[in-house]
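What follows is one structure encoded as structure tokens, with my remarks underneath.
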Amino acid sequence: MLSTQRPSTPASKAQKVPKFSQMLSNDKPMKGDFSGFIGSGRYCGHAETREREDPMSLLVLHVHSSSNNTILSLTDANGKVIVNASGGTVGFKKAQRAGFEAAYQATASIAATVKERGINVRSVELRLKGFGAGREAAFKAVNSVTNWAITRIVDTTPIPFNGCRPKKARRL
């Protein structure tokens with residue numbers, strides 16, 4: 001008869017299998033060997049030890065331009081809102097809020113508030129969202145009213161990649 005039992009090894013002779021990177025001559029762990037991995041980056045818990053740059057060195061001007069209103073928000077690099085304004089807060093009513101002049105005045109209002117608070121603005125990143133008339137107005141106001149350096153202009157308008165079904169078309 002055939003025996004189905006395996007030969008047993010004594011427990012005292014248990015061998016410790018070395019890691020592949022330890023078998024080589026160098027002491028550093030190789031890529032893929034995570035035994036002594038400390039990590040660096042966003043999710044490793046060492047963000048407090050890293051030196052962060054001044055959040056006021058780069059400010060972001062968000063311009064949300066819709067067909068009804070233009071809303072502007074000046075934030076720091078972390079996304080914290082410093083100043084905001086819109087066509088309505090500047091004094092325009094109803095359909096006038098969506099116009100070029102309302103967005104221009106709102107941008108000028110933000111510039112005046114920043115100057116009033118004594119915030120030193122060196123460079124600004126423009127983030128444009130939507131297809132209203134306030135896009136060009138905010139850009140022209142930043143160029144003419146202020147002396148802020150525009151480092152980057154980004155269009156953050158959401159464009160669906162055949163996502164949700166659009167609303168029924170309006171018939172006139």
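Under the UniProt record's numbering, think of the first position of the sequence shown as 1, with each following residue one higher. For each residue, glycine too, the CB sits at the ideal point set by N, CA and C.
What distance in whole Å lies between the Cβ atoms of residue j and residue i, which are believed to be in contact at a cut-off of 8 Å?
i	j	result
Ser-86	Asn-69	6 Å
Arg-127	His-62	5 Å
Ser-66	Gly-132	5 Å
Thr-157	Gly-130	6 Å
Going by other Cβ atoms of all chains shown within 10 Å of its Cβ, with 16 needed for buried, is residue i buried or exposed?
i	result
Phe-139	buried
Leu-172	exposed
Val-81	exposed
Gly-79	exposed
Ala-98	buried
Ile-71	buried
Thr-146	buried
DSSP state of residue i, grouped into three classes?
i	result
Asn-143	helix
Val-154	strand
Lys-94	helix
Lys-115	helix
Ala-102	helix
Arg-170	coil
residue 173	In the structure displayed, the chain extends from 1 to 172; residue 173 sits before or after that span and is not available.
Ala-137	helix
In the DSSP output, what is residue i paired with across the bridge?
i	result
Leu-126	Leu-61 and Ile-153
Ser-73	His-62 and Asn-84
Relative to the C-alpha of residue i, which residue among the options is closest?
i	options	result
Leu-59	Phe-92, Thr-89, Ile-110 and Gln-105	Ile-110
Thr-107	Gly-163, Gly-99, Val-142 and Ala-169	Val-142
Phe-92	Gln-105, Ile-82 and Val-114	Gln-105
Asn-120	Trp-148, Thr-156, Leu-72 and Arg-170	Trp-148
Glu-125	Ala-98, Val-154 and Ala-102	Val-154
Ala-77	Thr-151, Ala-103, Ala-102 and Val-145	Thr-151
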